[in-house]
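Encoded as structure tokens, the structure appears first; notes follow it.
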Amino acid sequence: MGPSPLPRGTISPRTGQGSGTPASDPTIRWPQISPARTPVTLKGCGRARSWGPTLPSCRPVCGQPVRPLPGIIKRIIGGRNAEPGFFPWQALIVVEDTSRVPNDKWFGSGALLSDSWVLTAAHVLRSQRRDNTVIPVSKEHVTVYLGLHDVRNKKDAVNRTVEEIILHGGFDIQNYNHDIALVKLKEKVTMEAYVMPVCLPQFEHELEGPHPNTLGLVAGWGISNPNITVDEIISSGMRTLSDILQYVKLPVVLHAECKTSYESRSGNYSVTENMFCAGYYEGGKDTCLGDSGGAFVIQDPGTQRWVAQGLVSWGGPEECGSKQVYGVYTKVSNYVDWVEEKTGPSHRWTVLDPELKR
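Numbers 1 to 358, taken from the working numbering, label the letters of the sequence shown in order.
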């Protein structure tokens, strides 16, 4: 005789617990995960065929790569190759828009939030016409690639067309304030080892961050030439600085220090409260290795989840990695409510063990 049934699976936003109904064998497949090459959350009953005193609990399904990133990484200046599955939320966004002047083909990165939504920077998806009017590019001009590691093996990647593009209503083309956007995929993706969502800031300490001197990671292929054809990019190695996904580790910089660094150069620079900076005072390569819109992720020390705290936004005109020239990132924690308003709670697939809530 098997264990008594559990309630049908449910998921509540933010901090709810999950539950499920046992199948014909004593294994539960949690309903928020689609069938995948690598199962992510499987639970079973004990030897006595009983569930025990408490219901089984799930790992968080966001920000938890099946192949975890190294816990301790030496300081990286020039970047290093990522292993497959290190950044399963990494998206490559390819735009081909003949209405844009002067460039009608360009590329950027994004971060997967759920099976339907990708987070990126607004400037990646704006269509700038001759009068500088800023509107989203046509969704028909955008393709999103997920699960991509080596651009020479593009056939192994998941590609999706786009149903909807949402730019933040306050996006300012002059100073890149509110540089954030959402992409809704036309067809849902299946979660697996190389395609998994990143977490948004959720707990109080995450919403207050990122804090100065905290180390974060940024990944990208370092696309170097936006003017070649999409066919050349996609079918001929993408002409990137690296065929392999790269990542770099950078410290968050004190806001006042970054603000002074930029505004002392020119009155045209404005580092707002919706931005933060990261990099090293003495320079070295930073997010030249990444792509606009890519996520700056920080690992929560309590839950071990990787949380998207920033999006690659802009930098100074000097050579990338110049001394005291920091990369500027959109501060994602300021936009969690905006994301929820636009997407609904469906992106919050996290089901946390109560013991991890600290």
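We put the beta carbon where it would ideally sit given N, CA and C, even for glycine.
In this structure, Val95 lies away from Ser292, with their beta-carbon atoms at least 7 Å apart. Under DSSP, Asn159 takes part in a beta bridge, and its partners are Tyr145. Burial of Asp300 is indicated by the presence of at least 16 other C-beta atoms within 10 angstroms of its C-beta. Distance from the CA of Glu140 to the CA of Asn81, rounded to the nearest whole angstrom, comes to 32 Å.
About 5 Å separates the Cβ atoms of Trp117 and Thr343, confirming a contact at the 8 Å cut-off. Secondary structure of Val151 (DSSP, three-state): helix.
Boundaries cannot be given for Val325, as no alpha helix (DSSP H) includes it and DSSP labels it neither H nor E. Going by C-alpha positions, Ser138 is about 36 Å away from Val253.
Around the C-beta of Ala256, fewer than 16 other C-beta atoms lie within 10 Å, and the residue is accordingly described as exposed. Apart from the 5 residues on each side of it in sequence, Ile244 sits with its Cβ closer than 6 Å to the Cβ of Asn81 and Asp150 in its chain, given in chain order. Boundaries of the beta strand (DSSP E) harbouring Ala111: Lys105 to Leu112, taken from the DSSP string. Annotated three-state conformation of Leu245 is coil, per DSSP. DSSP, read as helix, strand or coil, puts Ser333 in helix.
Per DSSP, Ala121 is not a residue of any alpha helix (DSSP H), being assigned neither H nor E. In terms of Cβ geometry, Ser114 and Pro197 form a close pair [threshold 7 Å]. Scanning its chain for C-beta atoms nearer than 6 Å, with the 5 sequence neighbours on each side dropped, one finds around Tyr194 the residues Gly85, Pro88 and Gly147, in chain order.
In terms of CA proximity to Ala122, Ser313 leads the group Ser313, Ser333 and Trp338. Per DSSP, reduced to three states, the secondary structure at Trp89 is coil, with no helix or strand assignment. The criterion of a C-beta distance shorter than 7 Å is satisfied by Ser109 and Gly220.
Counting only residues of its own chain and dropping the five nearest sequence neighbours on each side, Ile166 has a CB closer than 7 Å to the CB of Ala181, Leu182 and Lys342. Contact annotation, Ala91 with Tyr176: C-beta distance approximately 20 Å; criterion of less than 8 Å not satisfied. DSSP places Ala82 outside any beta strand (DSSP E), giving it a letter other than H or E.
Under the three-state reduction of DSSP output, Leu207 falls in the helix class. Within the same chain, Cβ atoms closer than 6 Å to the Cβ of Arg126 are found at Val134, the five residues on either side in sequence being excluded. Contact between Gly315 and Val325 holds, with the beta-carbon distance rounding to 6 Å and staying under 8 Å. In the DSSP secondary-structure assignment, Glu164 is bridged to Lys184.
Boundaries of the alpha helix (DSSP H) around Cys258: His255 to Glu263.
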